[in-house]
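Visitor:
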Amino acid sequence: MIKGILHYKFIWRCVKPYKFSFINLFFCVLVTSFIGMTYPYLFGLLIDEVFYHQNREIFMLIIIIYGTIFVAEIILHFINNSTWSYLMNRFLFDIRIKLFEKTMRMKASQLKDIQTGNILTVINNDTNHVMDLIHRNFFFGIANVMRLLLSIGFVAYINYKLVILMLVILPVSVTITMYFGKKIRSNNEVYRQSYGSYVGFLLEMLKGLQVIKLLRAQRNVSKRLLDFWKRLIRIQVENSKFDFLVQRILAFLTLTSDLILFTISVFLVAKSQLTVGTFIAVMEYFSRANSLLLALGETNKSIQQNIVSIRKVNEILNTSTETTGKLPAIQIHKGEIEFQNVFFHYQSDTPLLKGINLHIRNGESICVVGHSGAGKSTLIDIILRFIEESEGRILIDGQNLASYDIRTIRRQIGYVQQEALLFEGSIRSNIQMAKRNATEEEIWDACEKACIADFIQGLPDRLDTLIGNDGIQLSGGQKQRVAIARILLKDPKILIFDEATSALDYETEHAIQKQWNEIRTGRTTIVIAHRLASILDSDRVALLHDGCIIAVAHHQKLLENNEVYRKLFLEQYAQGETHAI
Numbered sequence: 001m002i003k004g005i006l007h008y009k010f011i012w013r014c015v016k017p018y019k020f021s022f023i024n025l026f027f028c029v030l031v032t033s034f035i036g037m038t039y040p041y042l043f044g045l046l047i048d049e050v051f052y053h054q055n056r057e058i059f060m061l062i063i064i065i066y067g068t069i070f071v072a073e074i075i076l077h078f079i080n081n082s083t084w085s086y087l088m089n090r091f092l093f094d095i096r097i098k099l100f101e102k103t104m105r106m107k108a109s110q111l112k113d114i115q116t117g118n119i120l121t122v123i124n125n126d127t128n129h130v131m132d133l134i135h136r137n138f139f140f141g142i143a144n145v146m147r148l149l150l151s152i153g154f155v156a157y158i159n160y161k162l163v164i165l166m167l168v169i170l171p172v173s174v175t176i177t178m179y180f181g182k183k184i185r186s187n188n189e190v191y192r193q194s195y196g197s198y199v200g201f202l203l204e205m206l207k208g209l210q211v212i213k214l215l216r217a218q219r220n221v222s223k224r225l226l227d228f229w230k231r232l233i234r235i236q237v238e239n240s241k242f243d244f245l246v247q248r249i250l251a252f253l254t255l256t257s258d259l260i261l262f263t264i265s266v267f268l269v270a271k272s273q274l275t276v277g278t279f280i281a282v283m284e285y286f287s288r289a290n291s292l293l294l295a296l297g298e299t300n301k302s303i304q305q306n307i308v309s310i311r312k313v314n315e316i317l318n319t320s321t322e323t324t325g326k327l328p329a330i331q332i333h334k335g336e337i338e339f340q341n342v343f344f345h346y347q348s349d350t351p352l353l354k355g356i357n358l359h360i361r362n363g364e365s366i367c368v369v370g371h372s373g374a375g376k377s378t379l380i381d382i383i384l385r386f387i388e389e390s391e392g393r394i395l396i397d398g399q400n401l402a403s404y405d406i407r408t409i410r411r412q413i414g415y416v417q418q419e420a421l422l423f424e425g426s427i428r429s430n431i432q433m434a435k436r437n438a439t440e441e442e443i444w445d446a447c448e449k450a451c452i453a454d455f456i457q458g459l460p461d462r463l464d465t466l467i468g469n470d471g472i473q474l475s476g477g478q479k480q481r482v483a484i485a486r487i488l489l490k491d492p493k494i495l496i497f498d499e500a501t502s503a504l505d506y507e508t509e510h511a512i513q514k515q516w517n518e519i520r521t522g523r524t525t526i527v528i529a530h531r532l533a534s535i536l537d538s539d540r541v542a543l544l545h546d547g548c549i550i551a552v553a554h555h556q557k558l559l560e561n562n563e564v565y566r567k568l569f570l571e572q573y574a575q576g577e578t579h580a581i
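Just so we're aligned: the sequence shown equals residues 1 to 581 in the UniProt record's numbering.
1) In angstroms with no decimal places, state the Cα-to-Cα distance between I356 and I549.
2) Quick test of your reading: C451 and R481, contact by CB under 8 Å. State the CB separation rounded to the nearest angstrom.
3) Expressed to the nearest angstrom, what Euclidean distance is found between the alpha-carbon atoms of L149 and S33?
4) In angstroms with no decimal places, state the Cα-to-Cα distance between I152 and L120.
5) Am I right that I65 and L42 are in contact with their C-beta atoms under 8 Å? What's the rounded C-beta distance?
6) Would you please state the rounded distance, in angstroms, between the beta carbons of E49 and I62? I believe it to be under 8 Å.
7) Any idea if D461 is buried or exposed, counting beta-carbon neighbours within 10 angstroms, 16 or more meaning buried?
8) Pop quiz: T378 and F344 are said to be a contact at Cβ under 8 Å. What is the actual Cβ separation, rounded to whole angstroms?
9) Secondary structure at residue 651, three-state DSSP: helix, strand or coil?
10) If you run the structure through DSSP and keep just helix, strand and coil, what is S197?
11) Counting only the same chain and skipping the five closest in sequence on each side, list residues whose C-beta sits under 7 Å from that of F70.
12) Starting from the Cα of I233, find the closest Cα among A251, N188 and K334 and give me that residue.
13) How would you call N290, buried or exposed, if buried means at least 16 neighbouring beta carbons within 10 angstroms?
14) What span of residues does the beta strand (DSSP E) with T408 cover, start to end?
15) What's the gap between the Cα of V416 and the Cα of A434?
16) Could you tell me if A542 is buried or exposed, where buried requires 16 or more neighbouring beta carbons within 10 angstroms of its beta carbon?
17) Under the assumption that L133 contacts N306 (Cβ atoms under 8 Å), give the Cβ distance between them as a whole number of angstroms.
18) Any heavy atom of the ligand ZN within a distance shorter than 7 Å of the CB on I409?
19) I believe L489 touches I431 by the beta-carbon criterion, under 8 Å. Please report the beta-carbon distance rounded to the nearest angstrom.
20) What do you reckon, are the CB atoms on F366 and L384 nearer than 8 Å?
21) Given this structure, state the Cα-to-Cα distance separating I303 from F138, to the nearest angstrom.
22) Exposed or buried, what is F359 when buried is set at 16 or more other beta-carbons lying within 10 Å of its beta-carbon?
23) With F286 as the anchor, note down where its alpha helix (DSSP H) starts and where it stops.
24) If we ignore side chains and look at the alpha-carbon of each, how far apart do Y157 and Y285 end up?
25) Measure the beta-carbon distance from W84 to H135 and round it to whole angstroms, keeping in mind my assumption that it falls under 8 Å.
26) Is L352 helix, strand or coil by DSSP?
27) Going residue by residue through the stretch 361-449, where are the continuous alpha helix (DSSP H) segments of at least 4 residues, counting only ones entirely within it?
28) Starting from the Cα of L167, find the closest Cα among I97, A143, N300 and S257 and give me that residue.
29) Check whether the Cβ atoms of A485 and A446 lie closer than 8 Å to each other.
30) For I472, count neighbouring Cβ atoms within 10 angstroms of its own Cβ and tell me buried if that reaches 16, exposed if not.
31) Between G468 and Q418, what straight-line distance do the alpha-carbon atoms span, to the nearest angstrom?
32) Taking V31 as the reference, which of R361, N144, Y191 and G547 has the closest Cα?
33) If we ignore side chains and look at the alpha-carbon of each, how far apart do K354 and K334 end up?
34) Whole angstroms is fine: what's the gap from L544's alpha carbon to V342's?
35) With DSSP collapsed to three states, give me the class of H345.
36) Which one of F252, G141, V211 and N125 has the shortest CA to CA distance from Q193?
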């Protein structure tokens, strides 16, 4: 138990701001536990005074002591519950905030390795086990050990012969519970991982419900969901069987010890070596000792479960994050971008980008094209510092991005994704995420440039119109234009459109293309295009093929001189198609 607490040092960092509250909680747990252990002895004295001594003064004194400690126990229980409620809210809230902030600062490569369902499980469920380990396992674990020792002490004080039986039973029970501890821990790890996968799958299916209906894949999805349930049920059944086995073994030990104790106690009472009051007290202490052993066994099992959850919390809190605040802020004045012999690969040796050399001039509009998997998105991710180049350098205005604060880099680059992500709330709150102190005039100006102003003005609540979760009240094109307005509000020196117009209808795209020159004036723009108009409107086209830039020139020149580009163009663009490439 103590080893588990010490192993996870982050718990102390979380506990430290609340150390006085935890000390108060621990004090209340210990004192109330001690008070509770005096009741059987006092009750035994009362009975003996009635049956044997009939001393009214001693009898009344015991009653007063009994009543006093009972009132004290109630007060301490009230303080204990109040402190526990406070810590359950504030302490766990702090841990959840730390987890959320840590997740927000994780590197993109690490987020790809973590399932969404697992993150939700850790933040919502596993954090509860931190408090459970401290309060129920550590505090009450120590209190239960103290109560067990007091039970043994009181029985030894009453009759030393009876304590021998307790000392025989105790090691056997402890050995059995410890033996099964590792198995319980392993079972709970398997269940937690399976449950995280199930939650992640469920979220994905709910998010893609329309696609599932269009594909008529409800039966396949239901079958996969049924497979998840079957696996979870099978694991739960196996764990329940194992728990039942442990409980029955401990219950058998309890029954056996009770029968032996009762037989010996009756013999001692008959020999006048044990009074009626002390016999009742011994029976109560022995019953409590057995209950405490069962509780300690449950504590051992609970520790194994909690350690599994805490390990997951600790893994996220110890995950390396993007470096922010330690490097100087970058100042982008021109927006000139240069890739110098850039390579990138994940854990495998095969690079996704191979020796990229590309110079994008100040104010230039460049189109990046290539087949699916050529490395277009990887190229953009490196500029945005979602991933870092394995070799080479990326310069903006002659400044190596690796030497500057990531936040200041992203602050000066606008990025519109293919799938526009909007948040629950109003149109205004979504657009203002780019600039919280934006004026009304600035917001409307951005909406005008994104060709969404007329639509918003036609709404009853205009900018304050609620759009639902993920902008569900808007069409794909409307969501895309709101996302473009949000980026334009930043007024970035560099604009990146990753398939930005693929969700727009022809009229909307045409309207944006008409204002494109105004939007890109004074900015460097990079477009990963799926429409012919974007290619024709660019200054140059960069052709990515198998992780390499094999040509950079104007569209017409590439069309005339590059066979790879000509083939790609004829396949994807010549007929005005918008295939995802």
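Ideal Cβ positions, reconstructed from N, Cα and C, are used throughout, including at glycine. The model shown is predicted, which means the values in this text are computed figures rather than measured ones.
Guide: Walking through what the data contain:
1) If I take the Cα positions, the gap works out to 6 Å.
2) Right, their Cβ atoms sit about 6 Å apart.
3) The alpha-carbon atoms of L149 and S33 are separated by roughly 12 Å.
4) Each residue's alpha carbon lies about 45 Å from the other.
5) The distance from the Cβ of I65 to that of L42 is about 7 Å, consistent with a contact at the 8 Å cut-off.
6) So it is a contact: roughly 7 Å between Cβ atoms.
7) So D461 ends up on the exposed side.
8) Contact between T378 and F344 holds, with the beta-carbon distance rounding to 6 Å and staying under 8 Å.
9) Look at the range of the chain in this structure, 1 to 581, and you will see that residue 651 is not part of it.
10) Helix at S197.
11) If we look at F70 and ignore the five residues flanking it on each side, it has no Cβ neighbours.
12) It is N188 whose Cα lies nearest to the Cα of I233.
13) Buried, since its Cβ has 16 or more Cβ neighbours within 10 Å.
14) From DSSP, T408 is part of no beta strand (DSSP E) but of the alpha helix (DSSP H) over I406 to R411.
15) About 12 Å.
16) Buried, by the Cβ-count rule.
17) About 4 Å separates the beta carbon of L133 from that of N306, a gap short enough to meet the 8 Å contact definition.
18) As for the ligand ZN, it is missing from this structure, which has no ligand bound.
19) Contact between L489 and I431 holds: CB atoms are separated by about 6 Å, below the 8 Å threshold.
20) Residue identity differs from the one stated: residue 366 is Ile in this sequence, not Phe. Cβ atoms of I366 and L384: not closer than 8 Å.
21) So the two alpha carbons sit approximately 9 Å from each other.
22) Note on residue identity: the sequence assigns His, not Phe, to residue 359. When all chains shown are included, H359 counts as exposed.
23) It spans V276 to L317 - the alpha helix (DSSP H) in which F286 sits, taken as one unbroken run.
24) C-alpha separation (whole angstroms): 12 Å.
25) In this structure, W84 and H135 form a Cβ contact; the two beta carbons are roughly 7 Å apart against a cut-off of 8 Å.
26) L352 sits in coil when the DSSP states are folded into three classes, being neither helix nor strand.
27) Residue ranges of uninterrupted alpha helix (DSSP H) with 4 or more members, entirely inside the stretch 361-449 and ordered along the chain, are 376-383, 406-411, 427-431 and 440-449.
28) Per the Cα distances, S257.
29) Contact check for A485 against A446 passes: the beta carbons are separated by less than 8 Å.
30) By the neighbour-count rule (16 or more Cβ atoms within 10 Å), I472 is not buried but exposed.
31) Linking G468 to Q418 through their CA atoms gives a straight-line distance of about 20 Å.
32) V31 has its Cα closest to that of N144, out of R361, N144, Y191 and G547.
33) Those two C-alpha atoms are separated by around 27 Å.
34) For L544 and V342, the distance between alpha carbons rounds to 13 Å.
35) In the structure shown, H345 adopts coil according to DSSP, grouped into three states.
36) Its Cα nearest to that of Q193, the residue N125 stands out among F252, G141, V211 and N125.
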